[in-house]
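K.L.:
The numbering of the sequence shown is full-length UniProt numbering, which starts it at 1 and goes up by one.
I am attaching a structure below and will ask some questions about it afterwards.
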Amino acid sequence: MVTAFLVGICLALGQHILYTRLHHRNEDDEDKKVRMVLYGRALAYFSKVAFGGCVILCYRQRIWRTFRERPLSVWSIDQLFLATEDPSLFVNWETLSKAPLAVAMALIIWLIPLATIIFSPGALSFGWYFEISSSNISVPSLNFSAESYKDWRKPVIMADGTKKKSLMFYNTTDAQAASEGWFDYYDKPSSDLTRISLMTAYSGTTSSLNRPDARFESCGGNYNCTFSTTFIGPGYKCEEMASGIGDSGRLVEFGAPFNTSMLVPEGRNVYYADIDIGEYARPQSDNLSSQGGVPLGPIPEELGVFKVEPLLWIGYSINSSERLPDNSPYAVNWTHRYDPRIFRCVHYETRYTVKWNYTEPFFATEVSHDFVAPVIDTNFTRNADGTVNFDDPGPAENFISPRTDVLLYKKISAYHAMGQSLRNFLRGKLELEAPIPGPSYARVYSDITQTRLVSNVSSTPLDNLPDLIQAFYADMVLSLFSAPQMLVVSEQWAEVNRTRYQSTFIYHPEKLWGCYAPVIFLTFIILLLGAWTIWQDGTTWSVGFSRIMVTTRNSTLDDISRGACLGNDPFPLELMHTRLQFGVLNEFSEIEYMAMEGLQGVGHCAFGVPSELSPIRKGVPYAGLKRRSERRAAFKEKVD
Ligand SMILES: *[C@@H]1O[C@H](CO)[C@@H](O)[C@H](O)[C@H]1NC(C)=O
Ligand SMILES: *[C@@H]1O[C@H](CO)[C@@H](O)[C@H](O)[C@H]1NC(C)=O
Ligand SMILES: *[C@@H]1O[C@H](CO)[C@@H](O)[C@H](O)[C@H]1NC(C)=O
Ligand SMILES: *[C@@H]1O[C@H](CO)[C@@H](O)[C@H](O)[C@H]1NC(C)=O
Ligand SMILES: *[C@@H]1O[C@H](CO)[C@@H](O)[C@H](O)[C@H]1NC(C)=O
Ligand SMILES: *[C@@H]1O[C@H](CO)[C@@H](O)[C@H](O)[C@H]1NC(C)=O
Ligand SMILES: *[C@@H]1O[C@H](CO)[C@@H](O)[C@H](O)[C@H]1NC(C)=O
Ligand SMILES: *[C@@H]1O[C@H](CO)[C@@H](O)[C@H](O)[C@H]1NC(C)=O
Ligand SMILES: *[C@@H]1O[C@H](CO)[C@@H](O)[C@H](O)[C@H]1NC(C)=O
Numbered sequence: 001m002v003t004a005f006l007v008g009i010c011l012a013l014g015q016h017i018l019y020t021r022l023h024h025r026n027e028d029d030e031d032k033k034v035r036m037v038l039y040g041r042a043l044a045y046f047s048k049v050a051f052g053g054c055v056i057l058c059y060r061q062r063i064w065r066t067f068r069e070r071p072l073s074v075w076s077i078d079q080l081f082l083a084t085e086d087p088s089l090f091v092n093w094e095t096l097s098k099a100p101l102a103v104a105m106a107l108i109i110w111l112i113p114l115a116t117i118i119f120s121p122g123a124l125s126f127g128w129y130f131e132i133s134s135s136n137i138s139v140p141s142l143n144f145s146a147e148s149y150k151d152w153r154k155p156v157i158m159a160d161g162t163k164k165k166s167l168m169f170y171n172t173t174d175a176q177a178a179s180e181g182w183f184d185y186y187d188k189p190s191s192d193l194t195r196i197s198l199m200t201a202y203s204g205t206t207s208s209l210n211r212p213d214a215r216f217e218s219c220g221g222n223y224n225c226t227f228s229t230t231f232i233g234p235g236y237k238c239e240e241m242a243s244g245i246g247d248s249g250r251l252v253e254f255g256a257p258f259n260t261s262m263l264v265p266e267g268r269n270v271y272y273a274d275i276d277i278g279e280y281a282r283p284q285s286d287n288l289s290s291q292g293g294v295p296l297g298p299i300p301e302e303l304g305v306f307k308v309e310p311l312l313w314i315g316y317s318i319n320s321s322e323r324l325p326d327n328s329p330y331a332v333n334w335t336h337r338y339d340p341r342i343f344r345c346v347h348y349e350t351r352y353t354v355k356w357n358y359t360e361p362f363f364a365t366e367v368s369h370d371f372v373a374p375v376i377d378t379n380f381t382r383n384a385d386g387t388v389n390f391d392d393p394g395p396a397e398n399f400i401s402p403r404t405d406v407l408l409y410k411k412i413s414a415y416h417a418m419g420q421s422l423r424n425f426l427r428g429k430l431e432l433e434a435p436i437p438g439p440s441y442a443r444v445y446s447d448i449t450q451t452r453l454v455s456n457v458s459s460t461p462l463d464n465l466p467d468l469i470q471a472f473y474a475d476m477v478l479s480l481f482s483a484p485q486m487l488v489v490s491e492q493w494a495e496v497n498r499t500r501y502q503s504t505f506i507y508h509p510e511k512l513w514g515c516y517a518p519v520i521f522l523t524f525i526i527l528l529l530g531a532w533t534i535w536q537d538g539t540t541w542s543v544g545f546s547r548i549m550v551t552t553r554n555s556t557l558d559d560i561s562r563g564a565c566l567g568n569d570p571f572p573l574e575l576m577h578t579r580l581q582f583g584v585l586n587e588f589s590e591i592e593y594m595a596m597e598g599l600q601g602v603g604h605c606a607f608g609v610p611s612e613l614s615p616i617r618k619g620v621p622y623a624g625l626k627r628r629s630e631r632r633a634a635f636k637e638k639v640d
C-alpha cells in the first residue's frame with residue numbers, strides 16, 4: 001500500500017519535471033512533440049495505476065471489516081467485491097447506508113483516473129510565447145580600415161568563394177610592384193560602390209538598403225531585435241552659411257564660391273551646387289599609359305596626392321507660401337516669397353552610432369553622428385584682397401600622399417570614393433521659371449531630382465536639405481551592408497535584445513497539482529484508514545477466489561444455494577436478498593468448543609447467516625496453518 005502510494009507520488013513528480021522541462025520549449029519536429037505529450041500521458045496513467053492500486057488495497061481491508069460488522073444481502077456483497085468494475089453499488093441504498101466508507105473509497109477509485117489520466121495532461125498545452133532575451137552575438141558592422149590593408153594584387157576570398165570588393169579602383173606606377181618607390185594611387189569609385197550608391201539614391205526610400213536575410217543574420221535567428229553598433233566612417237557635416245536675400249557675412253568669411261544672388265528670386269536657380277572645387281583630378285597626369293595609369297616617363301611629384309577634400313557649397317530657395325507685397329521689387333515676376341539659403345558641408349571622419357531595429361517585416365535605423373576630424377584638413381589660402389585662392393590649398397603637411405603613409409592614404413581614398421559617389425547626385429542646378437509671365441516650371445540640370453531630396457510636388461529641394469543630405473549620405477554608407485562582399489563590411493560583437501513569438505509548450509503547474517493534490521490527499525487518508533484497519537484486525541485481507549472458497553465453507557450456505565451451483569446469471573433473486581455476514585461459525589457443540597479451547601482450538605470463520613455467527617476476535621489464530629493441521633489431527637482422532 002505504502003509503496004504504491006510513494007510510487008504514485010514519484011510518478012506525479014516525474015510528470016511535473018517532464019512538463020517543467022518542456023515549458024516554453026519550441027519543438028518543430030511534430031513527431032517528437034507528439035512523443036513528449038505521450039510520455040506525459042503515460043506517466044499520468046502509471047500514477048493512476050499506483051494511486052488506484054493503493055486505494056484498492058485499502059478498500060479490500062475495509063470491505064472485510066464491513067462484512068464482519070454488518071449482515072448484508074448477497075447482492076450488496078457482490079457489489080462490494082466488484083466495486084472496481086461495476087459502479088452499481090453507488091445506487092444501492094443498502095451499500096450506501098451500511099457501508100458508506102467502503103462506498104466512498106470505491107467512489108475515489110472511480111474518480112482517480114478522471115483527475116490523473118484525463119485532467120492532469122491538460123496542464124501542458126501549446127501556445128504562443130513571447131520570448132524576450134538578450135544575447136551577445138556577432139552583428140554586421142563596417143570597418144573602413146580594412147581598405148588600408150587591401151592590395152588589389154592579392155584577392156581576398158570569402159568562405160563561399162566570393163571575392164571581396166574594394167570601394168575604389170587604383171592606378172599604379174608599377175603593376176608588378178617591383179620597381180623602387182612604386183605606389184598605387186586612387187583612380188575612382190569601384191563598380192560595386194557605384195552600384196550601391198545608385199541603388200540607394202534611386203530607391204527613393206528613407207531607409208538604407210539591406211540584404212534580404214538581414215534580420216536573420218543580425219538577430220541570430222528568426223527574432224525581432226534591436227541593437228546598436230558603432231563604427232568609424234565618412235560623414236558630411238553641414239552648416240548653414242546664409243539665409244535670406246543678401247545674407248553674405250558668413251559667405252565671405254568662409255570663402256563661399258557664390259552668394260544668394262544666384263538663387264531665386266534674385267537669380268534663376270532654385271537649387272545650385274558648387275561641390276567640385278579642388279576635386280582630385282582624373283587623369284592625374286597627361287602622360288599616363290592606358291594600362292593601369294602607369295606614368296610614361298618620370299613620375300610627377302604630386303601624382304595621386306589628395307590636397308583638398310571638396311566642400312559641398314549648396315544653395316537652394318524655398319517657397320515660403322506667403323504672397324509677396326505689391327511693392328516688393330520681385331513682385332514683377334514672383335507671386336510668393338522665396339527664401340534663399342546657402343549651406344556648406346564638410347567631409348568628416350565620423351563615429352557612427354547606429355541603433356538597428358529589426359521588427360518584422362521592416363527594419364529601421366537611428367543614426368547619430370559624432371564628427372571626429374575633417375577627412376583632409378586643408379583650406380584654400382586667401383589672396384591679398386581677401387578672396388579665396390582656389391588654386392592654392394594648404395598646409396602642405398596635411399596633404400595625403402600615396403608615397404608616405406599608405407595605410408592612411410587607402411582609408412582616405414575609401415572615404416573620398418564614398419563622398420564622390422554622393423556628389424554625383426548633388427552636382428548641377430535647378431532653374432525655376434518665374435510664374436509671371438509664366439508658366440512656372442523647373443529646368444533640371446542635376447541628378448538631385450532622381451533622389452528623395454526633392455519635393456514630390458514641385459521637384460524643388462526640400463525644406464531641411466542640409467539634414468536630409470547628411471541622412472542621405474549616412475544611408476548610402478549603411479547601404480554597404482546590402483553587399484556583404486564589400487571589404488569594409490565586417491563583424492562586431494554587440495548586445496542584441498531579441499524578442500520572438502514562438503509556438504511552444506506551456507505548462508501550468510497549478511493545473512497539474514490541482515489534479516494531483518486531492519488525489520494524493522485522499523489516497524493518504526485512505527492509506528491511513530487501511531493501515532488502521534489492518535492494525536485493528538491484526539491481519540490483512542484479500543479478495544481472490546481462494547479467499548472466497550475458504551470463507552464460504554459453511555453448510556448453511558450449501559443449503560441456501562442448492563440449485564444455483566453453476567454461478568449462472570441471473571442468480572436466483574431470493575438468494576440475492578439473503579443476508580450474510582462474516583464471522584466465526586458456531587459449528588461445534590459446547591464440549592467440542594471447550595476442547596478446542598483446550599487445544600487453543602481454532603474457530604472456523606465463514607460467511608453465514610448472522611444467527612450462527614459470533615464475531616471474529618483479534619489475535620485468535622484462526623488462520624494459522626500449523627493450527628490447521630493440528631485441528632485436522634484432532635478431527636481424525638474424533639472420527640476414529
Ligand atoms: C578593422 O580592420 C583592421 C584590418 O583588418 C583591423 O586591424 C582592425 O582591428 C579592425 N577594426 C575593428 C574596429 O574591428
Ligand atoms: C554676389 O556675387 C556677385 C558676383 O557673383 C557680386 O556681384 C555681388 O556683389 C555679390 N553680392 C553680395 C551681397 O556679396
Ligand atoms: C588611371 O588610369 C586610366 C588609364 O590610363 C586613366 O584613364 C585614368 O584617368 C587614370 N586615373 C587617374 C586618377 O589618373
Ligand atoms: C508657392 O507656394 C504657393 C502656395 O503653396 C503656390 O500657390 C505657388 O504656386 C508656389 N509658387 C511656385 C512658383 O510654385
Ligand atoms: C520678369 O517679368 C517680366 C515682365 O513680365 C519679363 O519681361 C521678364 O523676362 C521676367 N524675368 C524673368 C527672370 O522671368
Ligand atoms: C522598433 O520598431 C517597432 C515598430 O517598427 C517599434 O514598435 C519598437 O518600439 C521599436 N523598438 C525600439 C527599441 O525602438
Ligand atoms: C580650415 O578652416 C576651418 C574654418 O573654416 C578651420 O576651422 C580649420 O582649422 C582650417 N584648417 C586648417 C588646416 O587651417
Ligand atoms: C510626397 O512627399 C510627402 C512629404 O515629404 C510625403 O509625406 C509623401 O509620402 C510623398 N509621397 C510619395 C508618393 O512618396
Ligand atoms: C516581430 O514583430 C512583429 C510586429 O510586432 C510581429 O508581427 C512578428 O510576429 C514578430 N516576429 C517574431 C519572430 O517574433
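Think of the CB as a built atom: it goes at the ideal place given N, C-alpha and C, for glycine as much as any other residue.
For clarity, every value in this text was computed on a predicted model and none was experimentally measured.
Just to confirm the assignment, what range does the alpha helix (DSSP H) spanning Ala-373 have?
P.N.:
Counted from its first residue, the sequence shown places residue 373 at position 373. Not the alpha helix (DSSP H): Ala-373 falls in the beta strand (DSSP E), residues 362-374.
K.L.:
Identify, in the order they occur along the chain, each residue of the same chain with its Cβ nearer than 6 Å to the Cβ of Gln-600, setting aside the five sequence neighbours on each side.
P.N.:
Against the sequence shown, residue 600 aligns to sequence position 600. Bear in mind that the predicted position of Gln-600 carries a pLDDT of just 47, short of 50, making it unreliable; the figure below should be weighed with that in mind. Cβ within range, chain order: n/a, list empty.
K.L.:
From the DSSP secondary-structure annotation, give me the bridge partner or partners of Leu-263.
P.N.:
The count along the sequence shown starts at 1 and reaches residue 263 at position 263. Paired residues: Asn-269.
K.L.:
Answer yes or no: the CB of Thr-223 versus the heavy atoms of ligand 9, is any distance below 7 Å?
P.N.:
The residue you call residue 223 lines up with position 223 of the sequence shown. Here the sequence assigns Tyr to residue 223, which means Thr is not the residue at that position. True, at least one ligand heavy atom lies under 7 Å from that Cβ.
K.L.:
Starting from the N-terminal end, write out each residue whose C-beta falls within a distance shorter than 7 Å of any non-hydrogen atom of ligand 5.
P.N.:
The filter returns Arg-268, Val-332, Asn-333, Glu-433, Ala-434, Ile-436, Pro-437, in chain order.
K.L.:
Using only the alpha-carbon positions, how far apart do Phe-254 and Glu-491 sit?
P.N.:
One-based indexing of the sequence shown puts residue 254 at position 254. One-based indexing of the sequence shown puts residue 491 at position 491. The straight-line gap separating the alpha-carbon atoms of Phe-254 and Glu-491 is approximately 40 Å.
K.L.:
Start and end of the beta strand (DSSP E) containing Val-444?
P.N.:
One-based indexing of the sequence shown puts residue 444 at position 444. DSSP places Val-444 inside the beta strand (DSSP E), whose first and last residues are 442-446.
K.L.:
Would you grab the beta carbon distance between His-23 and Phe-505 for me? Rounded to a whole angstrom, and I think it's under 8 Å.
P.N.:
Locating residue 23 in the sequence shown gives position 23, where the first residue counts as 1. Locating residue 505 in the sequence shown gives position 505, where the first residue counts as 1. His-23 to Phe-505, Cβ: 6 Å. Contact.
K.L.:
Where does Arg-70 sit, in a helix, a strand or coil, going by DSSP?
P.N.:
Residue mapping note: residue 70 aligns to position 70 of the sequence shown, counting from 1. Three-state DSSP puts Arg-70 in coil, outside helix and strand.
K.L.:
Using only Cβ atoms and a threshold of 6 Å, which residues come within that distance of a heavy atom of ligand 3? Order them by chain position.
P.N.:
Here the list is Asn-171, Asp-187, Arg-282, Pro-283, Gln-284, Leu-288, Ser-289, Ser-290, Gly-293.
K.L.:
Note down, in chain order, each residue of its chain lying with its Cβ closer than 6 Å to the Cβ of Tyr-243, except the 5 sequence neighbours on either side.
P.N.:
Your numbering for residue 243 matches position 243 in the sequence shown. Looking at the sequence shown, residue 243 is not Tyr but Ser. Excluding sequence neighbours, Ser-243 sits near Arg-341.
K.L.:
Grab the span of the beta strand (DSSP E) containing Asp-86 for me, first residue to last.
P.N.:
Mapped onto the sequence shown, residue 86 falls at position 86. That residue, Asp-86, is in no beta strand (DSSP E); it is neither H nor E in DSSP.
K.L.:
Are there any heavy atoms of ligand 1 lying less than 7 Å away from the beta-carbon of Ser-368, as far as the coordinates show?
P.N.:
Along the sequence shown, one-based indexing puts residue 368 at 368. No, ligand 1 has no heavy atom inside 7 Å of this Cβ.
K.L.:
Roughly how far, in whole angstroms, is the beta-carbon of Phe-67 from the beta-carbon of Gln-581, given that I think they are within contact range, below 8 Å?
P.N.:
Start at 1 with the first residue of the sequence shown, and residue 67 comes out as number 67. Start at 1 with the first residue of the sequence shown, and residue 581 comes out as number 581. Yes, they are in contact, since the Cβ atoms of Phe-67 and Gln-581 sit about 6 Å apart, within 8 Å.
K.L.:
Under a three-way DSSP split, which group does Ala-42 fall into?
P.N.:
On the sequence shown, position 42 is the one that residue 42 refers to. In the structure shown, Ala-42 adopts helical secondary structure according to DSSP, grouped into three states.
K.L.:
Could you round the C-beta distance between Leu-114 and Val-103 to whole angstroms and report it? I think they count as a contact, below 8 Å.
P.N.:
On the sequence shown, position 114 is the one that residue 114 refers to. On the sequence shown, position 103 is the one that residue 103 refers to. So it is not a contact: roughly 17 Å between Cβ atoms.
K.L.:
Please identify the residue among Asp-558, Asn-554, Val-406, Ser-138 whose C-alpha is closest to the C-alpha of Leu-613.
P.N.:
Against the sequence shown, residue 613 aligns to sequence position 613. Nearest C-alpha to Leu-613 among Asp-558, Asn-554, Val-406, Ser-138: Asn-554.
K.L.:
Would you say the beta carbon of Glu-360 is closer than 7 Å to some non-hydrogen atom of ligand 9?
P.N.:
Locating residue 360 in the sequence shown gives position 360, counting from the first residue. Yes, the beta carbon of Glu-360 sits closer than 7 Å to at least one heavy atom of ligand 9.
K.L.:
If you draw a straight line from the C-alpha of Val-156 to the C-alpha of Asp-247, how long is it?
P.N.:
Sequence index remark: in the sequence shown, residue 156 carries index 156 (1-based). Sequence index remark: in the sequence shown, residue 247 carries index 247 (1-based). Answer to the nearest angstrom: the Cα atoms are 52 Å apart.
K.L.:
Can you pull every residue whose C-beta falls closer than 6 Å to some heavy atom of ligand 1, listed in chain order?
P.N.:
Residues close to ligand 1 by the beta carbon criterion (under 6 Å to any non-hydrogen atom) are, from first to last along the chain, Asn-143, Ser-145, Ala-146, Tyr-149, Ser-490.
K.L.:
For Arg-500, is the beta carbon positioned less than 7 Å from some heavy atom of ligand 9?
P.N.:
The residue given as residue 500 occupies position 500 in the sequence shown. Yes, since a heavy atom of ligand 9 falls inside the 7 Å radius drawn around the Cβ of Arg-500.
K.L.:
Hey, is Asn-389 close to ligand 6, as in C-beta under 7 Å from one of its heavy atoms?
P.N.:
For this step, residue 389 is matched to residue 389 along the sequence shown. Not so, every heavy atom of ligand 6 lies at least 7 Å from the Cβ.
K.L.:
Relative to the alpha-carbon of Ser-135, which residue among Thr-499, Ala-50, Gly-40 has its alpha-carbon at the smallest distance?
P.N.:
Sequence index remark: in the sequence shown, residue 135 carries index 135 (1-based). The candidate whose alpha carbon is nearest that of Ser-135 is Thr-499.
K.L.:
Who's in the neighbourhood of ligand 2, going by beta-carbon under 6 Å from any heavy atom, listed in chain order?
P.N.:
Gly-246, Ser-248, Asn-259, Ser-261
K.L.:
Relative to the alpha-carbon of Thr-460, which residue among Asn-269, Ser-166, Gly-220, Asp-192 has its alpha-carbon at the smallest distance?
P.N.:
As a working mapping, residue 460 is identified with position 460 in the sequence shown. Cα-wise, what sits closest to Thr-460 is Asn-269.
K.L.:
Over what stretch of residues does the beta strand (DSSP E) that includes Trp-152 continue unbroken?
P.N.:
Looking up residue 152 in the sequence shown gives position 152. Unbroken run through Trp-152: none, as it is neither H nor E.
K.L.:
Using the C-alpha atoms, what's the distance from Ala-483 back to Ser-191?
P.N.:
Taking the first residue of the sequence shown as 1, we reach residue 191 at position 191. Taking the first residue of the sequence shown as 1, we reach residue 483 at position 483. If you take the alpha carbons of Ser-191 and Ala-483, they lie about 12 Å apart.
K.L.:
Have a look at the DSSP bridge pairing and note the partners of Cys-238.
P.N.:
What you label residue 238 is simply residue 238 of the sequence shown in a count that begins at 1. Looking at the DSSP assignment, Cys-238 forms a beta bridge with Cys-345.
K.L.:
Looking at C-alpha atoms only, which residue of Tyr-507, Gly-204, Thr-365, Glu-431 is the closest neighbour of Leu-453?
P.N.:
Counting from one through the sequence shown, the residue named residue 453 turns up at place 453. For Leu-453, the nearest C-alpha among the options comes from Gly-204.
K.L.:
Using 7 Å as the cut-off, classify the Cβ of Ser-328 as near or not near the heavy atoms of ligand 4, replying yes or no.
P.N.:
On the sequence shown, position 328 is the one that residue 328 refers to. Checking every heavy atom of ligand 4 against the Cβ of Ser-328, none is found closer than 7 Å.
K.L.:
I need the straight-line Cα distance from Thr-552 to Met-36, nearest angstrom please.
P.N.:
Reading the sequence shown from its first residue, position 552 is the one you call residue 552. Reading the sequence shown from its first residue, position 36 is the one you call residue 36. Roughly 50 Å separates the two Cα atoms.
K.L.:
Exposed or buried, Ala-146, counting other C-beta atoms within 10 Å across all chains shown (16 or more means buried)?
P.N.:
By one-based count along the sequence shown, residue 146 stands at place 146. It counts as buried.
K.L.:
Put Leu-599 into one of helix, strand or coil per three-state DSSP.
P.N.:
As a first step, residue 599 must be located in the sequence shown, where it is residue number 599. Caution applies to Leu-599, whose pLDDT of 47 falls short of 50 and renders its modelled position unreliable; the model cannot decide the point.
K.L.:
Can you grab the Cα-Cα spacing for the pair Ile-63 / Thr-523, in whole Å?
P.N.:
Taking the sequence shown and counting its residues from 1, one reaches residue 63 at position 63. Taking the sequence shown and counting its residues from 1, one reaches residue 523 at position 523. Approximately 17 Å between the Cα atoms of the pair.
K.L.:
Less than 7 Å separating the Cβ of His-336 from some heavy atom of ligand 4?
P.N.:
As a first step, residue 336 must be located in the sequence shown, where it is residue number 336. Yes, since a heavy atom of ligand 4 falls inside the 7 Å radius drawn around the Cβ of His-336.
K.L.:
Could you tell me if Ser-317 is buried or exposed, where buried requires 16 or more neighbouring beta carbons within 10 angstroms of its beta carbon?
P.N.:
The sequence position of residue 317 within the sequence shown is 317, counting from 1. With 16 or more Cβ atoms within 10 Å of its Cβ, Ser-317 is classed as buried.
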